[in-house]
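Down below is the structure, laid out as structure tokens.
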């Protein structure tokens with residue numbers, strides 16, 4: 001089956017990981033639009049949304065970040081079971097947490113996309129002023145400044161939004177999904 | 001406050017109504033991307049998603065369509081209460097149902113957007129083949145063919161995607177939201 005047909009392919013989870021301001025959420029919504037245009041039901045779970053709803057009680061400690069990832073992974077699995085494509089856009093800085101998310105969702109359904117935009121570029125964008133705050137010592141635990149980001153070792157895809165347009169990023173993800181569906 | 005600031009404005013519900021293939025979902029996801037880029041948490045509830053999850057048990061009778069709209073409106077209210085912008089993209093063909101949705105969400109938070117793309121254009125697009133099926137007598141109850149669509153009498157905004165680009169549609173919605181926040 002080729003992507004571009006309006007018939008559904010097996011619902012999967014696209015897991016976008018990377019620094020704040022790397023472009024995860026922009027890709028997520030553009031991807032959701034592209035998939036919806038093909039008649040596929042999808043849901044975006046981005047960090048801001050999740051932190052205000054499903055994970056409202058959680059902070060940014062090591063444990064809370066793990067729990068955040070765990071709950072989103074569970075939700076993705078549930079969405080996939082309901083026939084919905086899940087698109088998670090979360091910093092999800094720890095490798096172990098992402099690997100557990102993969103296990104939860106199922107390896108054959110999990111597409112890890114490392115949004116690898118360099119820290120300097122993310123910091124120059126800083127749409128929420130988080131990096132500025134972190135550098136001023138007003139925000140501890142910001143991934144990339146006061147907290148670690150563990151780079152994915154074998155993501156299905158790597159996208160650097162300082163080099164690639166959103167459209168190109170979406171196309172790249174669709175190719176990966178389409179390739180899997182055809183396999 | 002002007003839109004374009006990264007500070008949040010009071011969370012609202014954008015309710016996109018119109019025929020199948022009018023462009024509701026495309027606008028919804030583009031809008032979600034634009035709002036997320038401003039640091040606002042948002043969730044898209046489109047017909048395909050809702051029919052596979054929250055309203056899986058419902059069909060397309062008059063009663064089930066009403067119940068579909070009712071549940072989505074409840075969900076929108078909940079999301080708004082949690083600080084999340086809700087973007088519903090549903091045919092929602094009946095005026096009474098949309099008015100009840102407005103009451104549920106609250107008039108001051110509800111932005112009804114009539115996606116007024118003409119039937120002939122929607123039918124020419126027909127990405128899911130629904131109009132073709134309906135014309136062939138294989139699909140009863142398709143809004144615009146076998147079922148009625150009650151045009152909104154006083155929507156906050158009207159968008160015809162055969163005349164306006166998606167970007168222009170998003171800008172128009174943002175202007176309405178921004179105008180409200182400033183009022």
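Residue numbers (the working numbering), protein chains in the order written: chain A, 1 to 183; chain B, 1 to 183. Yeah, the Cβ is synthetic: ideal placement off N, Cα and C, and Gly gets one too.
Query                                                                                                                     : Result
Buried versus exposed call for residue 132 of chain A [16 or more other C-beta atoms within 10 Å across all chains shown] : exposed
Cβ shell of residue 170 of chain A (< 8 Å), same chain only, five flanking positions each side left out                   : 27, 30, 31 and 34
C-beta contact flag for residue 105 of chain A and residue 80 of chain A at 8 Å                                           : yes
Neighbour list for residue 43 of chain A in chain B, Cβ cutoff strictly below 7 Å                                         : 49
Member of B:19, B:151 and B:13 whose CA lies at the smallest distance from the CA of residue 162 of chain B               : B:19
Min CB distance residue 46 of chain B to chain A below 8 Å                                                                : yes
Chain-ordered chain B contacts of residue 32 of chain A [CB-CB under 8 Å]                                                 : 29, 32 and 44
Beta-carbon proximity check, residue 177 of chain B vs residue 113 of chain B, cutoff 8 Å                                 : no
Per DSSP, the bridge partner or partners of residue 14 of chain A                                                         : A:87 and A:111
Proximity below 8 Å, CB of residue 17 of chain A to CB of residue 148 of chain A                                          : no
Proximal residues, the stretch 76 to 105 of chain B versus chain A, C-beta separation under 8 Å                           : 79, 82, 83 and 84
Presumed contact (8 Å Cβ cut-off) between residue 39 of chain B and residue 108 of chain A, rounded CB distance           : Actually they are not in contact, since the Cβ atoms of residue 39 of chain B and residue 108 of chain A sit about 35 Å apart, beyond 8 Å.
Cβ pair residue 89 of chain A, residue 76 of chain A closer than 8 Å                                                      : no
Residues bridged to residue 117 of chain A (per DSSP)                                                                     : Note: residue 117 of chain A sits in no beta bridge, so no partner.
Minimum length 4: unbroken alpha helix (DSSP H) runs contained in the stretch 20 to 49 of chain A                         : 24 to 37
Simplified DSSP assignment, three categories, for residue 104 of chain B                                                  : helix
Contact set between residue 127 of chain A and chain B, taken where Cβ atoms lie within less than 8 Å                     : 6, 37, 38 and 39
The alpha helix (DSSP H) enclosing residue 166 of chain A, as first and last residue numbers                              : 166 to 182
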